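Line by line, the protein sequences are chains A and B. Here my numbering is used: the first residue of the first sequence is 462, the next is one more, and so on. Here my numbering is used: the first residue of the second sequence is 0, the next is one more, and so on.
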Amino acid sequence: SIYWISQADCQADDKFIFPVVLSGFSSDVSVEVWAGESGVDCSNVDNRTTATQKCWKVSATYNPSQGFTPEIVVPARTILARDLTNAAASATPGADVCTNSTYSDSRNGVPIVLSFLPIQGVSSSIAGIAFTKVRIDLGGPDAPAKLELGVGENRLSLSWGQVTTGDITGYQFFCDPPPG
Amino acid sequence: AQTITLTETSVRRSE
C-alpha cells in the first residue's frame, strides 16, 4: 500500500507515526529520519551536508537508550517543505507549504524515500532502513481545454481535449445558465 | 551494531 500525501492531508497537518524497535544503540548514537527523492541515498553524508545537500531532515533527533521503543513522528508538511538550507531544520512548516512549495503543483505522485538513520557524531552515519511508500500528490488534474458544445436533436453534445496532467478518474461538466 | 526495525503494519497517520 502507498502512503499518499494529498492537499487535504497537508492542510490538516497530517503526520506519519512510525513505531520502531531499536537495538544495539550506545548512548552516543541517535536516530533521525531524512527524506530524499527516489534514487538519492540519504545514508551518504554528502547528501545531508549543506553544500551538497539532496536530502532533508524530517524528524526530530531521537536519542534512544538501549531497549527504548520510540514512536518517530514525521509531519507531512516537513516532507513537503524540502528544506535543504539547514541540516538541522527544526521549524514546523505552516500551511503555506501546501500551496507554495516545490511539490505544491505535483499531480502524479512524486515518490519520496524516508531513511531512518543511526547518526553518530556530526558527519557520520551507517546504513539505516528505507521506507519507500510515500508519494506526494498535492494537485488535482487540470480542467479540460478545448471544450466544445455541439447541437444535436433534443440534446447538446460535448467534446473536449484529454487531460494528461494528473491522475484522472473522470470528468464532470456543469451547466451555468445565465441569471433568470 | 545498531539496528532499527520498522514494521510497516504499525505505521499510523495522525488523522
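Glycine included, each C-beta is placed from N, C-alpha and C at the ideal position. Please read all numbers here as calculations on a predicted model, not as lab measurements.
- One thing to note: residue 538 of chain A has its Cβ no nearer than 7 Å to the Cβ of residue 563 of chain A.
- Comparing alpha carbon positions, the residue from A/469, A/589, A/635, A/553 closest to residue 605 of chain A is A/635.
- Shown here, residue 9 of chain B sits in a helix according to DSSP, grouped into three states.
- Annotation: the region 544 to 584 of chain A contains the following complete segments of the beta strand (DSSP E) (minimum length 3 residues), in chain order: 571 to 581.
- In the DSSP assignment, residue 598 of chain A falls within the unbroken beta strand (DSSP E) covering 590 to 598.
- CA-to-CA, the gap between residue 475 of chain A and residue 616 of chain A works out to about 46 Å.
- Within chain B, the residues whose beta carbon sits less than 8 Å from that of residue 483 of chain A are 1, 2, 3, 4, listed in sequence order.
- Taking CB atoms only, residue 490 of chain A has a neighbour in chain B less than 7 Å away.
- When the five nearest sequence neighbours on each side are left out, the beta carbons in the same chain lying within less than 6 Å of the beta carbon of residue 618 of chain A are those of 611, in order along the chain.
- Legend: CB atoms of the region 563 to 579 of chain A lying less than 9 Å from CB atoms of chain B belong to residues 577, 578, 579.
- Counted as a single uninterrupted DSSP element, the beta strand (DSSP E) harbouring residue 496 of chain A occupies residues 490 to 498.
- Taking 7 Å as the cut-off, the Cβ atoms of residue 471 of chain A and residue 495 of chain A do not count as close.
- The beta carbons of residue 463 of chain A and residue 597 of chain A sit about 11 Å from each other, so the pair does not count as a contact at 8 Å.
- Put simply, the CB of residue 597 of chain A is far from chain B, with every gap to its CB atoms at 7 Å or more.
- Annotation for residue 593 of chain A: 574 place their beta carbon closer than 6 Å to its own, counting only its chain and skipping 5 residues before and after.
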